[in-house]
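Since the structure comes first, as structure tokens, the remarks are kept for the end.
Protein chains: 2
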Amino acid sequence: MESMSTEQRIREAARKIFLEKGLAGARMQDIAREADLNKSLLHYYYETKENLFLLIFEDELDKFYSQLQAILNGAGSLTDKISKLISAEMDAHLACPKLSLFILSELNQETESCLAKLRKCRLHELFRNFKALLEKEVELGNVREVDAETLFVNILSLSTYPFIAKPLVLEMFDQNEQAFESYIERHKKATSKLLENYLQPSHEPGLKEDINQLI
Amino acid sequence: MESMSTEQRIREAARKIFLEKGLAGARMQDIAREADLNKSLLHYYYETKENLFLLIFEDELDKFYSQLQAILNGAGSLTDKISKLISAEMDAHLACPKLSLFILSELNQETESCLAKLRKCRLHELFRNFKALLEKEVELGNVREVDAETLFVNILSLSTYPFIAKPLVLEMFDQNEQAFESYIERHKKATSKLLENYLQPSHEPGLKEDINQLI
DNA sequence: ATAGGATTTAACCAAGTGGTTAAGCCGCAA
DNA sequence: TTGCGGCTTAACCACTTGGTTAAATCCTAT
């Protein structure tokens, strides 16, 4: 903690407070207290609240989507990549459960500055990559023909929602922090299987085996 | 508009503003303007901001989860109910896309007052109903053996996330309002199929038909 | 006509907010 | 030792916010 530069300490503190309370709910005073320094120094380094916020927002947005990008551009089959995506996303969320809700909440305010940061992520390209990958696999017959848009959103849904809805999940299943983590582990496996199952071309592989057994 | 009682007008206005900006971001002045009356009258009817907010919050929470309850307690097979759940939830979200994000954002603040309202929804019972239903169908062999917790959360995920992430979806697929709605229609069908597929007991039904064709 | 509740106006308050300023302290390098 | 940049302190400012008050007006049922 004390080893960090002041700039870094401020950013960490701001990150924590903004993720907890959002832009509107966060107080500069809280950030100063969290970073264990005073308001004056905050403004000395990062002039305004908006300024500091946009820095954090862009950072988190980037961190999150560049991870997706990396996995999609990496090696492996489509189904491998999807499993990896889910696993990586859920691990990221386990480490920082408030991340997604933070990003989506602020995006929902539809302030031009946030939307601009979003555009810089080139999600459009990211999805185009995914779609190309999917279509290739469909052509090869490795994967059933499915709607790329829906599939991609569903991958994000399944790996993101449990964290966005964490208080709800805790209440619904009467869980504590520990039970939640073990739930997430189950969820990870079940979700991979759900999508794998969905992508299986017809039921032929299973069918052939069963027929062999019958004969 | 003008036909509504003042109380009602205030509640509608408050609902709109709170859903847009959340508790921290909403201003009493904005609510007054939206309801086309003055701040004094706001406080005359609903003493404090917190007060008004909790009323709205409870209302929306209730409306949303009582709908789920009704479908689960209604007639039909499990798979029917799941399709109905998805369809109903997504229709509700189409009519009011900010609802889920609003509820989840405020729950995430973990203020005791919001959590208390959540507890009143008896989600625990709602889930118990669902689990009992599922287990009965599994016993009858109509449905594959799956984890109830995961399935339930996934149903919520798939029908909720596209709206929570609407700005992201719009950006990713380069859509406008109209394209989004048509996307949602596709999403609705694909999601129903995804879950139906997942719940199918092994691949036996399909298998039998295919074997009949082979013989 | 009039009494009583609904509504408006406008002034006001205290607390909190983001942000500024300036004087001074501290540690370190020249 | 001196000087300088990082840092603190504390006072301060303008503005916003939730909330109050009191007088004035409007509407309507009796």
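Residue numbers (our numbering), protein chains in the order written: chain A, 40 to 254; chain B, 40 to 254.
Cβ coordinates follow ideal geometry from the N, Cα and C atoms, glycine included.
Everything numeric in this text was worked out from a predicted model, so none of it was measured.
With 16 other Cβ atoms within 10 Å as the buried cut-off, status of residue i
| i | result |
| --- | --- |
| A/K156 | buried |
| B/R48 | buried |
| A/K205 | buried |
| A/G61 | buried |
| A/S139 | buried |
| A/R50 | buried |
| A/T230 | buried |
| B/A131 | buried |
| A/M43 | exposed |
| A/L179 | exposed |
| B/L87 | Here residue 87 of chain B is Thr; the residue named in the question, Leu, does not match the sequence. With fewer than 16 Cβ atoms within 10 Å of its Cβ, B/T87 is classed as exposed. |
| A/A65 | buried |
| A/N262 | Any answer about residue 262 of chain A is impossible in this case: the structure gives chain A only from 40 up to 254. |
| A/K34 | Since the first and last residues shown for chain A are 40 and 254, residue 34 of chain A lies out of range. |
| A/K120 | buried |
| B/E210 | buried |
| A/A71 | buried |
| A/E188 | buried |
| B/S116 | exposed |
Own chain, CB closer than 6 Å to residue i, minus 5 neighbours either side, in chain order
| i | result |
| --- | --- |
| A/L91 | A53, Y85 |
| B/T45 | none |
| B/N251 | Per-residue confidence for B/N251 stands at a pLDDT of 41, beneath the threshold of 50, marking its modelled position as unreliable; no derived number is given. |
| A/A74 | R48, I49, A52 |
| A/Y104 | C160 |
| B/Y237 | none |
| B/L58 | K137, F141 |
Residues of its chain near residue i, where Cβ-Cβ distance is below 8 Å and the 5 sequence neighbours each way are ignored
| i | result |
| --- | --- |
| A/Q28 | This structure does not reach residue 28 of chain A, given that chain A is present from 40 up to 254, and the question cannot be answered. |
| B/E145 | G61, L62, F96, C153 |
| A/L124 | L107, I110, L111, I194, S198 |
| B/E259 | Residue 259 of chain B lies beyond the stretch modelled for chain B, which goes from 40 to 254, so this question has no answer here. |
| A/I142 | F96, E99, L100, F103 |
| B/G113 | K120, K123 |
| B/L81 | I49, M67, I70, A71, A74, L91 |
| A/A218 | F212 |
| A/L76 | T45, R48, I49 |
Same chain, Cβ closer than 7 Å to residue i, five either side skipped, listed in chain order
| i | result |
| --- | --- |
| B/A127 | Q106, I110 |
| B/F202 | H132, P136, S139 |
| B/Y83 | none |
| A/T150 | none |
| B/E235 | T118 |
| B/E184 | V177 |
| A/I223 | M129, L133, P201 |
Near the ligand NAD: residue i beta-carbon under 8 Å from a heavy atom
| i | result |
| --- | --- |
| B/L111 | No copy of the ligand NAD appears in this structure; indeed no ligand is present at all. |
| Where are the alpha helix (DSSP H) runs, 4 residues long or more, that stay fully inside the region 163–220 of chain B, in chain order? | When DSSP assignments are scanned along the region 163–220 of chain B, the uninterrupted stretches of alpha helix (DSSP H) that are 4 or more residues long and fall wholly within it turn out to be 187–203, 205–211.
| request: Inspect the CB distances between the region 157–176 of chain B and the region 164–175 of chain A and report whether three or more fall short of 8 Å. | output: no
| message | In chain order, what are the residue ranges of uninterrupted alpha helix (DSSP H) at least 4 long that sit wholly in the region 75–119 of chain B? | response | 78–84, 88–112
| Unbroken alpha helix (DSSP H) runs of length 4 or more, entirely within the region 45–75 of chain B: which are they? | 45–64, 67–74
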